[in-house]
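Scroll down for the structure; my scribbles are underneath it.
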Amino acid sequence: MKSPNEELTEEKRAEIEKHENSLIVGYQKVQIAHGTHILSWHPLITHKISMMRDLNVNCTEFGCLVEEVATLICCEAMQKLEMEDYIVETPICTTVGRRIAGKKLVIVPILRAGLGMAGAVKRVVPKSRVAHLGMYRNEETKEPVWYFKKHPSDMEERAAFILDPMLATGGSADAAIQYMKDIGCKSITVMCIIAAPQGVDRIQKNHPDVEIYAGCLDKGLNEDGYIVPGLGDAGDRLFGTK
Ligand code: PRP
Ligand code: URA
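What follows is the structure, encoded as structure tokens:
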């Protein structure tokens, strides 16, 4: 396919589009709900996601890009956090500062690939706690299989930010949201890097109270349930497995 130095002519663009469309099964359009935010309008996010898609990016570079994009998405996803005033002494005078107040936070990486985003988000909100949810997709059914759960005890007091780079069928995020609700979470947000229409549709239908912040919305899924054009298997690319 196209190399970075090859000129992107209209013919080439049409050829790429045709090839992508030929890979998609069960293509569906999705109505983007009020609580779903697709952040591809942001040049930095789109630039870095395009870099991540490149199969020649090694796992170290890929990990850095995941962290950078996670930080940028985090800025948007946390824009509604409650704030309060407090007194700050600057070297010049006393002033009124603003700080995050209200609910405590819990960041919830879905293992494994969500771990790639967790470090970046934890750096931005260092006092947040971390809940780990371990699941992998069954290759046949594409539904998640649980293998690990560990979370703070006071989940009903915390706003949860579920982290997973890929929202494909939405099965993993759906299961993670349901589990968060079952253990008492009242405020849940999903942060992902690439979303497929199927995943967005499933979360919007099953959890209309949950907001989604996605770096971009891709075209669909291929017959193996991978996002097209996507970036392949995020966990494998992060951890150098496969
Ligand atoms: C990937 C990805 C998501 C899930 C998305 O995980 O990180 O968790 O697939 O697909 P879905 O929306 O169809 O559920 P995977 O099962 O490959 O596990 P891994 O992170 O350990 O590689
Ligand atoms: N999981 C991934 O890591 N990538 C996809 O494209 C779909 C599911």
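Reminder that position 161 of the sequence shown reads as 177 in our numbering, one-by-one numbering, no gaps. Here a beta-carbon is modelled for each residue, glycine too, at the ideal position from N, C-alpha and C.
In this structure, ligand 2 has no non-hydrogen atom nearer than 7 Å to the beta-carbon of Ala189. Only residues of its own chain outside the window of five on either side were considered, and among them Thr62 and Cys232 have a CB closer than 6 Å to the CB of Ser56, listed in chain order. For the pair Ala30 and Arg114, the Cα-to-Cα distance works out to about 50 Å. Under the 8 Å Cβ criterion, the stretch 163–181 counts as touching the stretch 200–208, having at least three qualifying pairs. For Met207, the secondary structure class from DSSP, reduced to helix, strand or coil, is strand. Excluding its 5 nearest sequence neighbours in each direction, Lys138 has C-beta neighbours in its own chain below 8 Å: Ile123, Ser144 and Val146, listed in chain order. Taking C-beta atoms as the reference points, Glu172 and Lys120 fail to come closer than 8 Å.
Note that the stretch 216–223 does not touch the stretch 155–166; fewer than 3 beta-carbon pairs, one per stretch, sit closer than 8 Å. Boundaries of the alpha helix (DSSP H) around Val82: Cys75 to Ala93.
Within 7 Å of the C-beta of Ile126 there is at least one heavy atom belonging to ligand 1.
In terms of Cα proximity to Ser203, the closest of Gly187, Gly241 and Val226 is Val226. Under the rule that a run must span 3 or more residues, the beta strand (DSSP E) segments found entirely inside the stretch 132–165 read 148–153. In the DSSP assignment, Leu97 falls outside any beta strand (DSSP E), carrying neither H nor E. According to DSSP, Cys232 shares a beta bridge with Ile210.
By the criterion of a C-beta distance shorter than 8 Å, Pro224 is surrounded in its chain by Ala49 and Gly51, once the five residues flanking it on both sides are discounted. Around the beta carbon of Asp234, 16 or more other beta carbons lie within 10 angstroms, which makes this residue buried. For the 8 Å CB-CB criterion, Glu83 and Gly135 form a contact. Selection Gln95, Glu100, Leu81 and Gln194 evaluated against Ala129 yields Leu81 as nearest (Cα-Cα).
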